[in-house]
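This report concerns only the one structure given below.
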Amino acid sequence: MALADDIQMAERHVLQAEQHIKRQRARIAALKRRRLPRGKASSFLQLLEDAQSMHLHQLSLLLERASRERTRAGI
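Residues in the sequence shown are numbered from 56 upward in steps of one, following the working numbering.
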């Protein structure tokens, strides 16, 4: 897979994770309004946020690599 493809995939993962996190926060808010337990939902949110952190780190690494390659190519 080309670097540009890897970057696009990482960007997609970041956007998808943002959507998952937003939905999970909404679910937790709904549980809170109904005064229902939120422990497992909150734990799952933490997993989503941890995964997002990894996605962002991977994207950052890929963008740095692309920048280095452009610099070497004189672009």
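Ideal Cβ placement from N, Cα and C applies to all residues, glycine included.
- So, using beta-carbon positions, are VAL69 and HIS110 closer together than 8 Å? Closer than 8 Å, so yes.
- If we call anything under 8 Å between Cβ atoms a contact, is ALA72 one with ALA106? Cβ atoms of ALA72 and ALA106: closer than 8 Å.
- Would you mind stating whether LEU58 and LEU114 have Cβ atoms separated by less than 8 Å? Taking a C-beta distance under 8 Å as the contact criterion, LEU58 and LEU114 do not qualify as a contact pair.
- Would the beta-carbon of ILE76 fall within 8 Å of that of SER97? No, the pair does not count as a contact, with Cβ atoms beyond the cut-off.
- In angstroms, rounded to a whole number, what distance separates the CA positions of LEU129 and GLU119? The amino acid at residue 129 is misidentified as Leu; the sequence shows Gly. Answer to the nearest angstrom: the Cα atoms are 15 Å apart.
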